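As given, the protein sequences belong to chains A and B, one line each in that order. According to the numbering used here, the first sequence is numbered sequentially starting from 1. According to the numbering used here, the second sequence is numbered sequentially starting from 266.
2 protein chains.
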Amino acid sequence: MRNERASSMSTPLAPQRRRRADRAREIADVLRRQILDGALREGTLPVENALIQEFDTTRNTVREALGLLRDEGLVDRVPGIGTFVVCEKYPHGLNTLLGLGETLVGHGRVSNEIRSAGSVAAPPAVARRLGLAKPTKVVYLERLRSLNGLVLSLDLTYLHPDVGEAVLAEDLAANDVFVLIEELCGQRLGTAEISLEAVNADPHSAALLQLPEGAALLMVERLTHLEDGRPVDLEYIRFRGDRVRMNGLLSRPHLTSPGEEDPCR
Amino acid sequence: MRNERASSMSTPLAPQRRRRADRAREIADVLRRQILDGALREGTLPVENALIQEFDTTRNTVREALGLLRDEGLVDRVPGIGTFVVCEKYPHGLNTLLGLGETLVGHGRVSNEIRSAGSVAAPPAVARRLGLAKPTKVVYLERLRSLNGLVLSLDLTYLHPDVGEAVLAEDLAANDVFVLIEELCGQRLGTAEISLEAVNADPHSAALLQLPEGAALLMVERLTHLEDGRPVDLEYIRFRGDRVRMNGLLSRPHLTSPGEEDPCR
């Protein structure tokens, strides 16, 4: 018998000759997408025999693929009955700057539990990002955000004092901060620098988000500017990985250097 | 003593009156960003006393914040000596469509271990996304991708047969597939639909990515089109959450309906 690892390092295996775990991942990924897109809805996952045929594979491989999706909390399996989609991941737009309530319009009502709100001395790193000379105060806001009563995210927000104090007087439980800022400043928001990571939930954040410790979170840092360029809103957002995904459309950049011009065009 | 939970449900706590775990997360988030941006480099994390002053907090809270960053693998703490940054997360662009080698230009050399490569019967869901009538074959490619010898991602790729067969004949270990497709097709890529999630690594994927089971992964599904609109490349990518983050710039959408026009402009 050949050494699998050594062989995979040298010559690629034919797709059909791979180990069951590799094939199971491949199948799970295709099914995952169909589940997330709503092509497979609750109670309608194809029966094993159909999946065996669809993916040209064995029963054990299909079962291992379904096991991966179950471990992720996307499906539930009832022996003798079938496999059921049990999870919905809400799509958060990646192309335009929208508040949570705005991006989830049509999915239900976003509500906010305000965990903390008030003025704080700005840590120097926060002051710098908000374009403030130190020492100064900023407004700090901490919200646990839910859609239709299901917790989606924990948001830590630092607001520029020019707008922050006024935001504090508004109904933060029912409104996106973005909308409030635009109303109060009398101008639209412009752009936001966004940074996205996957992190494991620490025990305390996990408890707040009603997740087991170590659950995968989509962690977003976002610095939002007014249309005139002033930074106003610095946020650290932990999204539940099992309830939120980000969707966007990317474009291939135009070639800039004449030396890099595509010879085929 | 007041009931903390009940009180946080009704009246928000002043930022200064929160529990230590809440303050620690807040501080860890600000430090995390400084680490990721390279503002705090290896061996240069401020000493505890400086952090206590910077964040206007207690020694125990600073230690808890550093503990969160250590548990994430971003820093290491040597008692009596200090805290050291031990991790670098490479920035993957979110605004333009680039291959891994292209987006990490300047960070080092991307190499690819080809785990599998060849023709397979397209699962119906894959065929549909690639705009193919079934039954048909597609080219399947599985790569473990590294930067300077450090594993970054596991990529499962389905290529349209028109381009896939030709791609298979190229040097896949040293080249981005995007670049090969453009060379072989004689046209640039156009746009890609991207979907991003945070998931916990299953045991087999974790082993390939040299991570502990359950580690947070940035999971990307990406369907890439040629400039003429034809879909050619469907990918399922698992990025190591501790080594890759996504950076982008979002713009506030323009108001379209006259009824929604901003009255302040």
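The beta-carbon is built from N, C-alpha and C at its ideal position, and this holds for glycine as well. No experiment lies behind these values; they were computed from the predicted model shown.
Select from the options the residue whose C-alpha is nearest the C-alpha of residue i.
| i | options | result |
| --- | --- | --- |
| His494(B) | His519(B), Leu365(B), Arg503(B) and Gln452(B) | Before going further, note that residue 494(B) is Gly rather than His in the sequence given. The shortest Cα separation from Gly494(B) among His519(B), Leu365(B), Arg503(B) and Gln452(B) belongs to Gln452(B). |
| His372(B) | Pro518(B), Arg342(B), Val350(B) and Ser411(B) | Ser411(B) |
| Arg19(A) | Leu226(A), Thr61(A) and Ala207(A) | Thr61(A) |
| Leu104(A) | Ala127(A), His92(A), Leu168(A) and Ile237(A) | His92(A) |
| Val444(B) | Asp498(B), Val485(B), Ala481(B) and Glu329(B) | Asp498(B) |
| Glu182(A) | Glu193(A), Ser205(A), Thr224(A) and Arg115(A) | Thr224(A) |
| Arg394(B) | Thr276(B), Tyr423(B), Pro277(B) and Ala472(B) | Tyr423(B) |
| Tyr501(B) | Ala315(B), Ala286(B) and Glu407(B) | Glu407(B) |
| Ala192(A) | Gly99(A), Ala21(A) and Tyr140(A) | Gly99(A) |
| Leu156(A) | Asp171(A), Glu170(A) and Asn112(A) | Asn112(A) |
| Pro12(A) | Ala434(B), Glu367(B) and Arg505(B) | Ala434(B) |
Among residues of its own chain, excluding the 5 on either side of residue i, which ones have a beta-carbon nearer than 7 Å to its beta-carbon?
| i | result |
| --- | --- |
| Arg243(A) | Lys89, Tyr90, Leu150 and Leu152 |
| Leu249(A) | Asn95 |
| Leu66(A) | Val75, Arg77 and Thr83 |
| Leu36(A) | Lys89 and Arg245 |
| Leu491(B) | Cys450, Gln452, Leu454, Gly455 and Val497 |
| Arg59(A) | Glu48 and Ile52 |
| Glu213(A) | Ala201, Pro203 and Ala206 |
| Arg288(B) | Thr322 and Thr326 |
| Leu419(B) | Leu409, Ser470, Leu473, Leu474 and Arg503 |
| Cys352(B) | Gly338, Leu339 and Asp507 |
| Pro400(B) | Ala386 |
If you run the structure through DSSP and keep just helix, strand and coil, what is residue i?
| i | result |
| --- | --- |
| Asn200(A) | strand |
| Glu183(A) | helix |
| Gly332(B) | helix |
| Gly190(A) | strand |
| Ala14(A) | coil |
| Ala206(A) | helix |
| Phe554(B) | As displayed, chain B neither begins before 266 nor continues past 530, which places residue 554(B) out of reach and without an answer. |
| Pro356(B) | strand |
| Ser7(A) | For Ser7(A), the predicted model reports a pLDDT of 38, less than 50, meaning its position is unreliable; a value from the coordinates is still stated below. If DSSP states are grouped into helix, strand and coil, Ser7(A) belongs with the helices. |
| Glu48(A) | helix |
| Arg495(B) | coil |
| Glu430(B) | helix |
| Asn440(B) | coil |
| Arg25(A) | helix |
| Ala121(A) | strand |
| Gly513(B) | strand |
| Asn60(A) | helix |
| Glu394(B) | This sequence places Arg at residue 394(B); Glu is not what is there. It is helical. |
| Arg505(B) | strand |
| Thr401(B) | coil |
Quick check: what's the CA-CA separation for residue i versus residue j?
| i | j | result |
| --- | --- | --- |
| Leu334(B) | His519(B) | 39 Å |
| Val199(A) | Gln475(B) | 16 Å |
| Ser516(B) | Gly118(A) | 28 Å |
| Pro496(B) | Leu362(B) | 14 Å |
| Gly396(B) | Val428(B) | 14 Å |
| Asn413(B) | Arg63(A) | 37 Å |
| Ser273(B) | Arg115(A) | Model confidence at Ser273(B) stands at a pLDDT of 39, short of 50, so the residue's coordinates are unreliable; what they give is reported in the following sentence. About 6 Å. |
| Lys402(B) | Pro426(B) | 7 Å |
| Gly345(B) | Pro311(B) | 14 Å |
| Arg282(B) | Gly303(B) | 31 Å |
| Glu319(B) | Leu305(B) | 14 Å |
| Pro15(A) | Asn247(A) | 29 Å |
| Glu26(A) | Gln34(A) | 13 Å |
| Leu482(B) | Ala286(B) | 25 Å |
| Ala275(A) | Glu367(B) | The requested residue 275(A) is not part of the displayed model; chain A covers only 1 to 265. |
| Val110(A) | Val432(B) | 46 Å |
| Ala315(B) | Val404(B) | 56 Å |
| Asp171(A) | Ala392(B) | 49 Å |
| Glu197(A) | Glu165(A) | 30 Å |
Please list, in chain order, all residues of the same chain as residue i whose beta carbon is under 6 Å from its beta carbon, the five residues on each side excluded.
| i | result |
| --- | --- |
| Arg267(B) | For Arg267(B), the predicted model reports a pLDDT of 38, less than 50, meaning its position is unreliable; a value from the coordinates is still stated below. For Arg267(B), where only same-chain residues beyond five positions count, there are no Cβ hits under 6 Å. |
Grab me the residues of residue i's own chain with a C-beta within less than 8 Å of its C-beta, minus the 5 sequence neighbours each way, in chain order.
| i | result |
| --- | --- |
| Ser195(A) | Val220, Glu221 and Arg222 |
| Ala215(A) | Asn200, Ala201, Ala206, Leu209, Arg240, Gly241 and Asp242 |
Can you tell me whether residue i sits near the ligand ZN, meaning its C-beta is under 7 Å from at least one heavy atom of the ligand?
| i | result |
| --- | --- |
| Pro123(A) | Within the structure as shown, the ligand ZN is missing, as the structure has no ligands at all. |
(request) Mind the definition here: the stretch 435-449 of chain B touches the stretch 70-79 of chain A only if three or more C-beta pairs lie below 8 Å; say whether that holds. (result) no
(message) I want to know whether the stretch 114-126 of chain A touches the stretch 286-300 of chain B - three or more CB-CB distances under 8 Å.
(response) yes
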